[in-house]
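First up is the structure itself, then whatever we jot down about it.
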Amino acid sequence: MTSGALLWERGAELPTRTFGPVTRTILALYAGGSGDHNPIHIDSDFAHSAGQSDVFAHGMLSMAYLAQYISGFASAGGLRSWSVRFIAVTPVNATLTCSAHVIGWDESCGEATLALTVRRTDDGKRTVIGEAVIAP
Amino acid sequence: MIDRRFIGWKSEPVVVEVEKGQLRLFAEATGETNLIYFDEEAAKAAGHPSLPAPPTFAFCLFNLAGQPYSYLRLMGVDIACLLHGEQAFEYLAPYYAGDALTLATEIADITTKKNGALDLVEARTDAINQRGQLCVKQRTVLIVRNESKL
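Here the protein sequences come in this chain order: A and B. Counted the way this note's numbering counts, the first sequence spans residues 1487 to 1622. Counted the way this note's numbering counts, the second sequence spans residues 434 to 583.
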C-alpha cells in the first residue's frame, strides 16, 4: 500500500481492512505461534468450566492484525510506539475490521499519531481501541 | 485480592533465542502476507540481516522462554480468571531471527476496580539484545477476575 496519496491531516480517515473469520484453527495456530497456551482460547470444555459460552480469541491476535493494518501506512520500521486497550472479547469465528484516523501530525519529525479501532464486523461492537505513532 | 507486596517485584533476567521456525509460525497464525516474515531472501532483499520479528512478537518472548505467566503463578492467580486489559510497545531497535534477547519484567502496579471484583496487574518488560541494545519496551495490564466478588 502506498501512503503518498494520503493526507496526514487531523481527522483524515484511513482505509479500513478486515481480518478473519477467527476460526478455531487460527486460535490453535496462534497458541502455537505465540507460545500462549492458555486453554481459554483453544479448549471449549475448559472455557465452559470457566463460565464462558465458548473459546474466545487472544487479545494479542487482534493486536497482531492491527500491527499489519497500520504497518501498511508506515515506512519500513516506521511504527514507533503504540498502546491499545482490549475492551471486549472477540468470540470464535468473529470477523474483525480495523480502522484508523489521524489525530496528530508532527511536521518536524514526520510522524503521525493515529487513533485505532477494531470492531466486530457482524454487530459493529468495538473490541480494541488504541493509539499509534508512525512515520509514514 | 492480590497481595500488594508484589508491586516492585522484578523477574530474574531470562534469555530467549528468536527462532526462524517460530517467527514463520507466528506469521502464518496471524495471517501475515509480507514475505519478509517468511522468506529470508526476501528479508535480506529488503535490507534485513535475517527474518525480522513482527511488531507484537515481543509479547510472546516471555512465553517462548518457557516461563508463561510466571509472576501470575507466584501471585496465585488462576489463569481461567485472566483477561488482557492493555498492551503498549515502544520500539528502539529492530531484532531478528538468531538474536538472543534478555527479558526483565517488573511489576509496576497492582490496583483494584469494581469494589474488589477485578485486580489490575501492570507489568513492564524490557528486551535487550546480545549486544546490549534495548530493543523493545512493553507495558502490559492484566485483569484478574475475582469470582467471589462478581
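No residue lacks a Cβ here, since even glycine has one placed at the ideal position from N, Cα and C. Being a predicted model, the structure only gives us computed values, none of them experimental.
I'd like to check one pair, residue j with residue i: are the Cβ atoms closer than 7 Å?
| i | j | result |
| --- | --- | --- |
| residue 543 of chain B | residue 438 of chain B | no |
| residue 435 of chain B | residue 540 of chain B | no |
| residue 524 of chain B | residue 562 of chain B | no |
| residue 1550 of chain A | residue 489 of chain B | yes |
| residue 1678 of chain A | residue 1619 of chain A | A query on residue 1678 of chain A cannot be resolved here, the shown segment of chain A reaching from 1487 to 1622 and no further. |
| residue 1574 of chain A | residue 1587 of chain A | no |
| residue 1445 of chain A | residue 1598 of chain A | Chain A is shown from 1487 up to 1622; residue 1445 of chain A falls before or after that span and cannot be answered. |
| residue 1541 of chain A | residue 1578 of chain A | yes |
Mapping the DSSP letters down to three states, classify residue i as helix, strand or coil.
| i | result |
| --- | --- |
| residue 583 of chain B | Its pLDDT being 45, under 50, residue 583 of chain B is placed unreliably by the model, and nothing is read from it. |
| residue 555 of chain B | strand |
| residue 1527 of chain A | helix |
| residue 1610 of chain A | coil |
| residue 492 of chain B | helix |
| residue 440 of chain B | coil |
| residue 1595 of chain A | coil |
| residue 528 of chain B | coil |
| residue 471 of chain B | coil |
| residue 1495 of chain A | coil |
| residue 1619 of chain A | strand |
| residue 517 of chain B | strand |
| residue 457 of chain B | helix |
State the Cα-Cα distance for the pair residue i and residue j, rounded to the nearest angstrom.
| i | j | result |
| --- | --- | --- |
| residue 1589 of chain A | residue 1497 of chain A | 6 Å |
| residue 1522 of chain A | residue 1528 of chain A | 10 Å |
| residue 548 of chain B | residue 509 of chain B | 20 Å |
| residue 1561 of chain A | residue 559 of chain B | 24 Å |
| residue 461 of chain B | residue 1515 of chain A | 8 Å |
| residue 583 of chain B | residue 1537 of chain A | Below a pLDDT of 50, predicted positions are generally treated as unreliable, and residue 583 of chain B, at 45, falls in that range; the measurement from the model is reported next regardless. Those two C-alpha atoms are separated by around 12 Å. |
| residue 566 of chain B | residue 535 of chain B | 10 Å |
| residue 468 of chain B | residue 457 of chain B | 10 Å |
| residue 1608 of chain A | residue 1556 of chain A | 22 Å |
| residue 478 of chain B | residue 451 of chain B | 20 Å |
| residue 491 of chain B | residue 1518 of chain A | 15 Å |
| residue 1488 of chain A | residue 503 of chain B | With a pLDDT of only 48 at residue 1488 of chain A, under the threshold of 50, the placement of this residue in the model should not be trusted; the figure read from the coordinates follows. Taking the straight line from one Cα to the other gives about 42 Å. |
query: Hey, which unbroken runs of the beta strand (DSSP E) at 3 residues or more fall wholly within the region 1514-1564 of chain A?
result: Within the region 1514-1564 of chain A, complete beta strand (DSSP E) segments of at least 3 residues are not found at all.
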